[in-house]
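Structure first, then comments.
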Amino acid sequence: MISKYSTALYTFLLVIIVSIFIYIYFLVADIQQNLSKNMDDIILNNAKELAQNIDTKLQSDLHGRPVVKTFYNDETFREKTTKELSLLATSSFRYVYILYRDKRGKYRYLADGSHAEKGDLGQPLDVIQSKWDKVYQTKKETVLYQQQFQTLWTTYLHPIFYKDKVVAVLAIDFSFEVPKQIKTALKPLNRSFLFIFGAIFILILLLSIEFYVNYKTRLRSFTDSLTGLYNRYYLRIFLEKNRIDTYQILMLDIDYFKKVNDTYGHKAGDIVLVGFADILKEYTRQEDVIFRYGGEEFLLFVKIQDDKTLAKKVAQRIKESVEKEIFLYETQSIKTTVSIGINEYPQRFKTITQAIKYADEMLYIAKREGRNCIITQKDTYKEEKKLSIEDIKGAFEQNRVICYYQAIFNAQSREIEKYEALVRIIKNDGTVIPPYFFLEQIFGTTLYTELTHVVIETVFKKIEEAGVKISMNLNFSDIMDNKIFETIIEAIEKNREYAPLLTIELLEYELPENIDKVKERIEQICAYGTKISLDDFGSGYANYEIFKYLPIDVLKIDGSLIKDIADSQISLKIVKSIILLANELNIEIVAEFVHSKEVLDVVSKLDIGYLQGFYLAEPSQSI
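Residue numbers (the working numbering): 9 to 631.
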């Protein structure tokens with residue numbers, strides 16, 4: 009493999025050679041321009057002398073008569089002048105003519121000695137008005153240039169006077185190709201360009217080989233070595249470069265994969281993983297993107313255009329194919345199924361983390377429902393539609409905006425130590441509606457600010473009643489919004505004695521542009537004793553740099569890692585690395601999405617302070 013030092017050397021040499029090439033190119037152009045300019049000056053001087061002679065002869069023939077009127081009234085004079093001008097029109101001076109400016113400022117022919125494209129008396133001619141007018145204004149000659157690489161075009165304008173006033177303009181237009189002598193003199197220099205092009209081509213070829221090798225190496229770092237699919241490292245890059253609203257998200261999990269490993273061994277498990285990956289490739293298109301998300305879990309982004317049911321169709325084809333597939337390992341025939349969770353509308357979520365997490369929740373429901381099925385939305389809400397603005401306003405007016413509370417347990421004592429507040433709307437028929445069905449509609453409106461006010465007041469009221477610690481969710485965008493931040497500070501100031509029992513969970517953890525302003529405001533919140541928590545950490549594209557700037561008290565490990573921790577060594581290792589980081593920074597740790605006894609048994613052995621999940625306690629309106 010060509011080393012990175014070779015790449016740097018080739019790049020340096022390429023820059024040097026290209027620089028020399030550019031220098032020589034402009035040198036040749038400058039030489040040619042100077043030679044052409046010198047020749048132009050010679051002919052221009054001839055043109056000036058010729059114009060002066062024509063002017064002298066013209067004034068002599070006029071005998072003091074007005075110039076323009078004489079051309080119009082004296083046909084003999086006009087024909088004589090035109091004939092004399094035509095005798096002066098040569099291969100060097102292609103066009104020799106006289107124009108005057110009428111009362112409207114239009115330039116018209118008085119005489120034209122040109123052999124081709126001859127203008128008649130009074131015929132208008134389009135000219136560069138400002139340049140020609142300059143002759144009338146300054147009463148001085150002027151020269152117009154239009155230059156190309158091989159040809160110079162020059163027009164010399166000479167004023168014609170009557171009683172010390174410019175009444176017409178004599179124009180001599182000449183053009184010529186750069187003489188063959190110049191071309192011959194420049195041939196050696198032009199030939200040098202060929203050698204330089206050759207050298208550049210060779211270097212570009214070598215660099216292309218180097219870039220290709222580097223690309224293949226980088227590609228290997230982005231792909232899972234077993235299945236050849238993209239890994240979670242590439243997921244962050246993919247999400248940074250693509251609009252998530254053009255995709256639908258599928259989360260897939262091979263059912264009872266742990267039993268395959270336990271029964272037949274890890275080699276058999278690898279065969280199933282590779283075969284399953286091949287099925288995914290077969291039933292997806294080039295524009296779709298597949299990731300091995302962890303263990304036996306896969307993440308699929310299906311590119312959509314007009315067909316909003318495309319993800320369901322793809323999921324159904326994959327499900328049916330897996331059901332029929334027989335994976336062969338030595339003498340064993342292994343059959344399995346797949347559970348699939350779908351997020352059909354990721355653009356409705358404020359962050360990509362939430363969008364993926366929703367697909368993950370649908371997958372969890374699919375597994376809880378007996379596996380080998382496809383879930384697109386929670387059964388409770390299958391027939392629900394997103395609430396209208398009027399419905400949401402009505403909920404505020406009728407005090408139907410409430411909070412549910414999910415308990416967070418001490419990992420050692422298994423006792424409840426705090427709660428997370430989860431906003432809900434109660435419909436008139438008693439149906440409990442989660443944020444997915446109303447948050448997007450009001451984001452960025454005064455209703456969203458009012459929602460923040462209602463939630464934080466509700467949380468403080470519950471803290472006062474129960475005397476417990478409660479956390480609530482906010483985004484960095486909420487902290488940066490002046491009105492929402494003012495609402496938060498007013499509520500905290502009003503409930504100063506309970507502020508230390510409040511924790512604010514930040515749902516977005518990409519660094520905002522104005523990090524200094526965010527830090528200032530979060531520190532203002534922390535001054536009251538309120539804690540700051542970082543939610544969904546470790547989802548695969550977390551920004552560790554945030555710890556340098558913000559005072560983080562609590563770190564919640566993303567549920568996608570915790571839920572697989574009993575089956576996935578990769579998830580376990582990632583969680584351990586996060587624990588090590590948090591302990592070094594003296595930050596509390598919460599493991600969310602503890603959904604089974606197996607997961608609880610694993611996380612209980614780790615150095616994690618707090619646990620949260622449906623296996624321990626589901627959200628409830630009461631504490």
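The beta carbon of each residue, even a glycine, is placed where N, CA and C say it ideally should be.
Since the structure is predicted, the reported quantities are computational estimates derived from the model, not experimental observations.
Return the first residue and the last residue of the beta strand (DSSP E) that residue i is part of.
{"i": "ARG300", "result": "297 to 302"}
{"i": "SER479", "result": "477 to 482"}
{"i": "LYS426", "result": "424 to 434"}
{"i": "ILE587", "result": "No beta strand (DSSP E) holds ILE587; the alpha helix (DSSP H) holding it covers 577 to 592."}
{"i": "ARG116", "result": "115 to 120"}
Please tell me whether residue i and residue j are closer than 8 Å, where the distance is taken between their beta carbons.
{"i": "ILE587", "j": "LEU569", "result": "no"}
{"i": "ASP120", "j": "TYR105", "result": "yes"}
{"i": "VAL598", "j": "TYR623", "result": "no"}
{"i": "ILE512", "j": "ILE492", "result": "no"}
{"i": "ILE364", "j": "LYS320", "result": "no"}
{"i": "VAL175", "j": "VAL143", "result": "no"}
{"i": "LYS327", "j": "ILE348", "result": "yes"}
{"i": "ALA179", "j": "LEU93", "result": "no"}
{"i": "LEU515", "j": "ASN483", "result": "yes"}
{"i": "VAL476", "j": "ALA429", "result": "no"}
{"i": "VAL280", "j": "ILE298", "result": "no"}
{"i": "ALA374", "j": "ASN351", "result": "no"}
{"i": "ALA415", "j": "SER612", "result": "no"}
{"i": "ILE565", "j": "GLY546", "result": "yes"}
{"i": "ARG6", "j": "TYR444", "result": "No answer is possible for residue 6: the residues shown for the chain start at 9 and end at 631."}
{"i": "VAL440", "j": "ILE487", "result": "no"}
Under DSSP, the alpha helix (DSSP H) around residue i begins and ends at which residues?
{"i": "GLU87", "result": "83 to 96"}
{"i": "VAL562", "result": "Looking at the DSSP string, VAL562 is not in any alpha helix (DSSP H); the run it does join, the beta strand (DSSP E), is 562 to 565."}
{"i": "ARG240", "result": "240 to 249"}
{"i": "GLY349", "result": "Taken as a continuous stretch (DSSP letters only), GLY349 belongs to no alpha helix (DSSP H), being part of the beta strand (DSSP E) at 346 to 351."}
{"i": "ALA599", "result": "That residue, ALA599, is in no alpha helix (DSSP H); its beta strand (DSSP E) goes 596 to 599."}
{"i": "ALA374", "result": "360 to 376"}
{"i": "GLN137", "result": "137 to 146"}
{"i": "ARG529", "result": "523 to 534"}
Looking at the structure shown, is residue i part of a helix, part of a strand, or coil, going by DSSP?
{"i": "THR231", "result": "strand"}
{"i": "ALA507", "result": "helix"}
{"i": "GLN256", "result": "strand"}
{"i": "GLU458", "result": "helix"}
{"i": "SER11", "result": "At SER11, the pLDDT of 45 sits below 50, so the modelled position is not reliable; the number obtained from the coordinates is stated separately. DSSP places SER11 in coil when its eight states are reduced to three."}
{"i": "ILE616", "result": "coil"}
{"i": "ILE51", "result": "helix"}
{"i": "PHE446", "result": "coil"}
{"i": "ARG408", "result": "coil"}
{"i": "LYS571", "result": "coil"}
{"i": "VAL151", "result": "strand"}
{"i": "ILE383", "result": "strand"}
{"i": "HIS274", "result": "helix"}
{"i": "LYS332", "result": "helix"}
{"i": "ALA419", "result": "coil"}
Once you ignore the five residues that flank residue i on each side, which residues in its own chain have a CB closer than 7 Å to its CB?
{"i": "VAL282", "result": "LEU234, THR235"}
{"i": "TYR153", "result": "THR162"}
{"i": "PHE555", "result": "LEU593"}
{"i": "PRO74", "result": "TYR170"}
{"i": "GLN406", "result": "none"}
{"i": "LYS266", "result": "ASP575"}
{"i": "ALA507", "result": "ILE500, TYR536, GLY537, THR538"}
{"i": "GLU331", "result": "THR345"}
{"i": "LYS343", "result": "ILE334"}
{"i": "LEU318", "result": "GLN256, VAL310, ILE312"}
{"i": "LYS147", "result": "PRO167, VAL174"}
{"i": "LYS139", "result": "THR150, LEU152"}
Using a Cβ-Cβ cut-off of 6 Å (strictly less than) and excluding sequence neighbours within five positions of residue i, which residues of its own chain qualify?
{"i": "THR89", "result": "ALA119"}
{"i": "LYS502", "result": "none"}
{"i": "ALA97", "result": "VAL104, GLY121, SER122, HIS123"}
Report yes or no: is there a C-beta of chain B within less than 8 Å of the C-beta of residue i?
{"i": "GLU596", "result": "Protein chain content of the structure displayed is limited to a single chain, and chain B is not contained in it."}
Contact check, residue i vs residue j under 8 Å by CB: the rounded distance?
{"i": "ILE360", "j": "LEU247", "result": "5 Å"}
{"i": "VAL413", "j": "SER585", "result": "Position check: residue 413 holds Tyr in this sequence, whereas Val was assumed. Between SER585 and TYR413 the Cβ distance is about 31 Å, and since that is not below 8 Å, they are no contact."}
{"i": "HIS166", "j": "ASP63", "result": "6 Å"}
{"i": "ILE478", "j": "LEU509", "result": "7 Å"}
{"i": "VAL583", "j": "ILE573", "result": "6 Å"}
{"i": "SER579", "j": "GLY302", "result": "5 Å"}
{"i": "ILE616", "j": "TYR427", "result": "That belief does not hold up - the Cβ atoms of ILE616 and TYR427 are roughly 18 Å apart, past 8 Å."}
{"i": "ILE497", "j": "MET480", "result": "Their Cβ separation, rounded to whole angstroms, is 14 Å, which puts ILE497 and MET480 out of contact at 8 Å."}
Leaving aside the five residues before and after residue i along the sequence, list all residues of the same chain whose C-beta is less than 8 Å from its C-beta, in chain order.
{"i": "ILE560", "result": "ILE540, SER541, LEU542, ILE554, LEU593, ILE595"}
{"i": "ILE450", "result": "ILE397, ILE400, TYR456, LEU459"}
Can we count residue i as close to the ligand SAH, meaning its CB is less than 7 Å from some heavy atom?
{"i": "ASN503", "result": "Of ligands this structure carries none, so the ligand SAH is not represented either."}
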